[in-house]
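S.K.: Have a look at this one before I ask anything.
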DNA sequence: CTATTATTTAGCTTATTAGCTAAATAGATT
DNA sequence: AATCTATTTAGCTAATAAGCTAAATAATAG
């Protein structure tokens, strides 16, 4: 379960153009990264990529992208898995499910509340 | 439909502790604001409040809260409705529904993609 | 028309964030 | 061991954001 601090970190991580684009492209599979052939192919999913191949898509220096990825990892919206000397990056789907649930619950509870209040005020 | 810029604004707006708390409390109805008796009660919902009554809940100066509210309004996560000389503030439920939908779709499409990829790689 | 209440705008200061380059670290390859 | 590749850390600068007070604006009330 995400507490307030967790959620703020997640929104902060997504509230920056560069990080948002990185995150979005993790989903659409826009980064190519050669995966070591000695590892079984299904060990790392298609969307996985490494820091360098993400950085190549941007006009920013590699350390800048590295810092952004660290922030996204700290916010738990991505995972970074070391494999040999590369780090494979994937979106954290469990957290996305939680966030989706938070918004859905928020809307539902609000609408229930509004209905309750309408019952009350309209005599 | 929300474009990328819209979404980044929304996440930026929610990625700050003060704004997050303001927003959250709009849902839980934690702000009291005297509603003009000459207007029908159901004209403004229970969760509506005004700038001053929000500012009272924080140790920040009123203009600071006013600026935060402006940013939240620009991000369209709240509405601000002038009524006499007060401004009533409500969460924007339609936008929340859209955001909930974005995350739900993201997760769904990703999981469909992963299943497809598994079918491909596992001989 | 003056005063009061509610809110915003302007202008300033400080803190945080986002970028950079150079150097350090980690692991793999020769 | 030396080198190459991948990534992070350190230390810096510039831009942005968040706070403040004082003044301006808007509407209502007296």
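Residue numbers (our numbering), protein chains in the order written: chain A, 13 to 135; chain B, 13 to 135.
Glycine is no exception: its CB is placed at the ideal position from the N, C-alpha and C atoms.
Small disclaimer: the values here were computed from a predicted structure and weren't measured.
1) CA-CA distance, residue 88/B and residue 108/A?
2) Where does residue 102/B sit, in a helix, a strand or coil, going by DSSP?
3) From residue 66/B to residue 34/B, what does the alpha carbon distance come to, in whole angstroms?
4) Under 8 angstroms Cβ to Cβ from residue 104/A, same chain only, skipping five residues before and after it: list those, please.
5) So, is residue 84/B buried or exposed, given that buried needs 16 or more other C-beta atoms within 10 angstroms?
6) Given a cut-off of 9 angstroms, decide if residue 39/A and residue 122/B are closer than it, judged by their beta-carbon atoms.
7) Name the two residues that bound the continuous alpha helix (DSSP H) containing residue 94/A.
8) Along the region 79 to 98 of chain B, where does the CB come closer than 7 angstroms to a CB of chain A? Name the residues.
9) When we look at the beta-carbon of residue 79/B and count the other beta-carbons within 10 Å, is it buried (16 or more) or exposed?
10) When the Cα atoms are used, what is the spatial distance from residue 23/B to residue 63/B?
11) For residue 20/A versus residue 27/B, is the C-beta spacing smaller than 9 angstroms?
12) For chain A, is any of its Cβ atoms less than 9 angstroms away from the one on residue 68/B?
13) Less than 9 angstroms between the C-beta atoms of residue 118/B and residue 112/A, yes or no?
14) Got a sec: which bits of the region 96 to 122 of chain B sit with their beta carbon under 8 angstroms from any beta carbon on chain A, in order along the chain?
15) Just mark residue 30/A as buried or exposed, buried being the case when its beta carbon has 16 or more other beta carbons within 10 Å.
16) Among 116/B, 115/B, 110/B, whose alpha-carbon lies nearest the alpha-carbon of residue 14/B?
17) Please determine, among 61/A, 16/A, 32/A, the residue with the shortest C-alpha to C-alpha distance to residue 97/A.
18) Which residue marks the beginning of the alpha helix (DSSP H) containing residue 81/A, and which one marks its end?
19) Of all the options 120/B, 86/B, 95/B, 36/B, which has the alpha carbon lying nearest to the alpha carbon of residue 17/A?
20) Just how far apart, CA to CA, sit residue 114/A and residue 124/A?
M.R.: The answer reads as follows:
1) 22 angstroms
2) Correct three-state label for residue 102/B: strand.
3) 7 angstroms
4) Closer than 8 angstroms at the Cβ level, and outside the excluded window around residue 104/A, lie 88, 89, 90, 91.
5) Buried, by the Cβ-count rule.
6) yes
7) Counted as a single uninterrupted DSSP element, the stretch harbouring residue 94/A is not any alpha helix (DSSP H) but the beta strand (DSSP E) occupying residues 90 to 95.
8) none
9) exposed
10) 22 angstroms
11) yes
12) no
13) yes
14) 103, 105, 108, 109, 111, 112, 115, 116, 118, 119, 121, 122
15) exposed
16) 110/B
17) 61/A
18) 74 to 86
19) If we check each option's Cα against that of residue 17/A, 36/B comes out closest.
20) 15 angstroms
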